[in-house]
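Student:
Residue numbers (this note's numbering), protein chains in the order written: chain A, 1108 to 1361; chain B, 3 to 306.
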């Protein structure tokens, strides 16, 4: 276990030694600030509570950035070791491959979690700066917390999918392209396929979880948060097992 | 030798598709010896090394390191191995020091003092805090060696180790390998295509071709060699007459012939030639180099 923590520490050191990561994190903060700057100063005929609530529910764009950054990392964290050849020195240590595989995955998940928490706290802070005097806690904060949490589950699923694609194909562009496409187009695909009854069992039609933040029930009984989570859960396990099996048995000949 | 071998390969085979890359390969390496691993391109050197370090799984056969089966107890077995597989690929965007910290974290018991010790050993003290992308190839080789030695391995595997080192660096490197082999009893396996280099630093060579071990040779200390058989080149005229006097097999060269013979035999042959009134212009002896033997054993064949 201590060794696993040290492996994550290693991955963390590598991640934050890269300039590209700082650029991405910087971009993330920029989007949060942009979001605040775009808020209308004063809405006529609206109470402070309403404006507060409106601000929180309207600041979801950084969540999209978090998922996108997680997808980028999930696609490159293993593939980069292969393309630079460093995988050869990494796998000849007294550490099983399985541990190396999951330490990288865990770091990307922690990365998404960390950014989500930072986003949640920062946005809340800005909300209180912009609209002081709103009671704490209140209902809009609960919904906002739910939205952030569900968005993290989306990120977690996308990380798993991307990591699976990247590790099995060794092709980071493919993993990145397919994942980003499915993620960004999921609502469109769900809409196009809505007449087909089987489409609700496809994971990419169930990717939009944040819509459940403000209401629990769906249009039908088969379209609830628990149903979506079940569908995603099955695919999640499938991807994890497939990633595991592929990586544990593969010859490294690059 | 009664010592316990550091590495044992037992009937290792590797089949990829329907092509047999390694065919029933077996050998043992012992503590304190520097072993050269030779073979033409495509003979299976790199595949063999990759199997010993666990990057590839053999199709059949067993690999034991310090008596531990690498397939059964990977972590315990690989603990004793340090290696550079092909080029030393390091994290270019990190400093040399962080690269070492990275590998040190992956093995239990590598202290900060040990890291400093290894840095000093490979002579990188002044540049260790700089990013690896600013390093020259020779410096990367040194850092590669440092990461291989961090955890005091019993087996050191080096693939083309002197690639990119300057002559002084190669000399230093050779001395260092001898030091770890003689003083610390480390077993060193060096794969290289520079035969003269292997000859200078190894005690023994293994030659493989088409995935099979086809030659094994102890490299003797220089003095011993001079007492043994040497190749002697005679430049004489007339050649035909001289050759007819030879009792052993010979090889014709321009203006003469070459024979393999001992010291005393040379004197005897010279007397014989003089007695027959044959003109002798030159007698040269040369030690049979590893290159000659390598070509002899492998038949100078190309990749198949």
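Every residue gets a Cβ at the ideal spot worked out from N, C-alpha and C, and that includes glycine.
Computed from a prediction, not measured in an experiment: that's the story for all the values here.
With a CB to CB cut of under 6 Å and the five nearest residues on each side skipped, what residues in its chain are close to residue 292/B?
Tutor: Within the second chain, residue 292/B is the residue found at index 290, counting from 1. Within the same chain, residue 292/B has close Cβ partners 197, 201.
Student: Starting from residue 1303/A, trace the alpha helix (DSSP H) in both directions and tell me its first and last residue.
Tutor: Numbered from 1 along the first chain, position 196 holds the residue referred to as residue 1303/A. That residue, residue 1303/A, is in no alpha helix (DSSP H); it is neither H nor E in DSSP.
Student: Just to confirm before moving on: does the CB-CB distance between residue 1311/A and residue 1296/A stay below 7 Å?
Tutor: To locate residue 1311/A, count along the first chain from 1; it is residue 204. To locate residue 1296/A, count along the first chain from 1; it is residue 189. Yes.
Student: Looking at chain A, is there any beta carbon in it that lies within less than 7 Å of the beta carbon of residue 112/B?
Tutor: Position 110 of the second chain, counting from 1, holds the residue named residue 112/B. No, because no Cβ of chain A sits closer than 7 Å to the Cβ of residue 112/B.
Student: Verify whether the separation of the beta carbon atoms of residue 14/B and residue 60/B is less than 7 Å.
Tutor: Here residue 14/B is taken as the residue at index 12 of the second chain, counted from 1. Here residue 60/B is taken as the residue at index 58 of the second chain, counted from 1. Contact: yes.
Student: Answer yes or no: does any C-beta atom of chain B fall closer than 7 Å to that of residue 1253/A?
Tutor: Working through the first chain from its first residue, we reach residue 1253/A at position 146. Not an interface residue.
Student: Closer than 8 Å by beta-carbon distance: list the chain A residues that pair up with residue 83/B, in chain order.
Tutor: Looking up residue 83/B in the second chain gives position 81. Chain A residues near residue 83/B: 1199.
Student: Just to check my reading of the structure: residue 311/B and residue 262/B have Cβ atoms closer than 8 Å, yes? What is that Cβ distance to the nearest angstrom?
Tutor: Within the shown structure, residues of chain B are numbered from 3 to 306, placing residue 311/B beyond reach of any answer.
Student: Please confirm if the region 122-141 of chain B is in contact with the region 54-72 of chain B, defined as three or more CB-CB distances below 8 Å between the two stretches.
Tutor: Touching, no, given that fewer than three Cβ pairs across the two stretches are closer than 8 Å.
Student: Give me the subset of the region 47-67 of chain B whose CB atoms are less than 8 Å from a CB atom of chain A, sorted by chain position.
Tutor: Answer in chain order: 52, 55, 56, 57, 58, 59.
Student: On a Cα-Cα basis, can you pick out the residue from 30/B, 240/B, 122/B, 44/B that is closest to residue 283/B?
Tutor: Looking up residue 283/B in the second chain gives position 281. Per the Cα distances, 240/B.
Student: From this set, 105/B, 95/B, 81/B, 100/B, which residue's C-alpha is nearest residue 1196/A's C-alpha?
Tutor: Position 89 of the first chain, counted from the start, is the residue given in the question as residue 1196/A. Residue 1196/A has its Cα closest to that of 105/B, out of 105/B, 95/B, 81/B, 100/B.
Student: Using the Cα positions of residue 1213/A and residue 1219/A, report the straight-line distance between them to the nearest angstrom.
Tutor: By one-based count along the first chain, residue 1213/A stands at place 106. By one-based count along the first chain, residue 1219/A stands at place 112. Answer to the nearest angstrom: the Cα atoms are 10 Å apart.
Student: Roughly how many angstroms lie between the CA atoms of residue 148/B and residue 135/B, to the nearest whole one?
Tutor: Within the second chain, the letter at position 146 stands for residue 148/B. Within the second chain, the letter at position 133 stands for residue 135/B. Approximately 17 Å, taken between the alpha carbons.
Student: Starting from residue 16/B, follow its DSSP beta bridges and name the residues at the other end.
Tutor: Counting from 1 along the second chain, the entry for residue 16/B is found at position 14. 24/B, per the DSSP bridge assignment.
Student: Residue 1182/A and residue 1279/A look like a contact to me (Cβ under 8 Å); what is the Cβ gap, rounded to whole Å?
Tutor: What you label residue 1182/A is simply residue 75 of the first chain in a count that begins at 1. What you label residue 1279/A is simply residue 172 of the first chain in a count that begins at 1. Their Cβ separation, rounded to whole angstroms, is 5 Å, which keeps residue 1182/A and residue 1279/A in contact under 8 Å.
Student: Which whole-angstrom value is the C-beta distance of residue 8/B and residue 208/B, which I expect to be below 8 Å?
Tutor: Along the second chain, one-based indexing puts residue 8/B at 6. Along the second chain, one-based indexing puts residue 208/B at 206. That belief does not hold up - the Cβ atoms of residue 8/B and residue 208/B are roughly 14 Å apart, past 8 Å.
Student: Once the 5 residues before and after residue 138/B are set aside, which same chain residues still bring their CB inside 8 Å of it?
Tutor: Here residue 138/B refers to the residue found at position 136 when the second chain is read from its first residue. Answer for residue 138/B: 166, listed in chain order.
Student: Does the beta-carbon distance from residue 1362/A to residue 1332/A come in below 7 Å?
Tutor: Examination of residue 1362/A is not possible in this model, given that chain A is present from 1108 through 1361 alone.
Student: Who are residue 53/B's beta bridge partners in DSSP?
Tutor: Within the second chain, the letter at position 51 stands for residue 53/B. Bridge partners of residue 53/B: none, in fact.
Student: Residue 1135/A to residue 155/B, Cα distance in whole Å?
Tutor: Position 28 of the first chain, counted from the first residue, corresponds to residue 1135/A. Position 153 of the second chain, counted from the first residue, corresponds to residue 155/B. C-alpha separation (whole angstroms): 44 Å.
Student: CB residue 1180/A to CB residue 1215/A, shorter than 7 Å?
Tutor: Walking along the first chain from the start, residue 1180/A turns up at place 73. Walking along the first chain from the start, residue 1215/A turns up at place 108. For residue 1180/A and residue 1215/A, yes; Cβs fall inside 7 Å.
Student: Could you please give the first and the last residue of the uninterrupted beta strand (DSSP E) stretch that includes residue 288/B?
Tutor: Translated into positions along the second chain, residue 288/B becomes position 286. Start and end: 281-288.
Student: Would you mind working out which of 1201/A, 1110/A, 1255/A, 1275/A sits nearest residue 1352/A, comparing C-alpha positions?
Tutor: Against the first chain, residue 1352/A aligns to sequence position 245. The candidate whose alpha carbon is nearest that of residue 1352/A is 1275/A.
Student: For residue 1307/A, which residues of its own chain have a beta-carbon under 8 Å away from its beta-carbon, when the five flanking residues on both sides are left out?
Tutor: Position 200 of the first chain, counting from 1, holds the residue named residue 1307/A. 1313, 1329, 1330, 1334, 1338.
Student: Leaving aside the five residues before and after residue 1065/A along the sequence, list all residues of the same chain whose C-beta is less than 7 Å from its C-beta, in chain order.
Tutor: This structure leaves residue 1065/A out entirely; chain A is present only between 1108 and 1361.
Student: What residues from chain A crowd round residue 149/B, counting only those whose CB sits closer than 8 Å?
Tutor: One-based indexing of the second chain puts residue 149/B at position 147. Neighbours of residue 149/B on chain A, chain order: 1196.
Student: Taking 7 Å as the cut-off, decide whether the C-beta atoms of residue 1251/A and residue 1163/A are in contact.
Tutor: Against the first chain, residue 1251/A aligns to sequence position 144. Against the first chain, residue 1163/A aligns to sequence position 56. Cβ atoms of residue 1251/A and residue 1163/A: closer than 7 Å.
Student: May I ask you to list, following chain order, the residues of the region 117-147 of chain B that have a beta carbon less than 7 Å from some beta carbon of chain A?
Tutor: Taking 7 Å as the Cβ-Cβ cut-off against chain A, none of the residues of the region 117-147 of chain B qualify.
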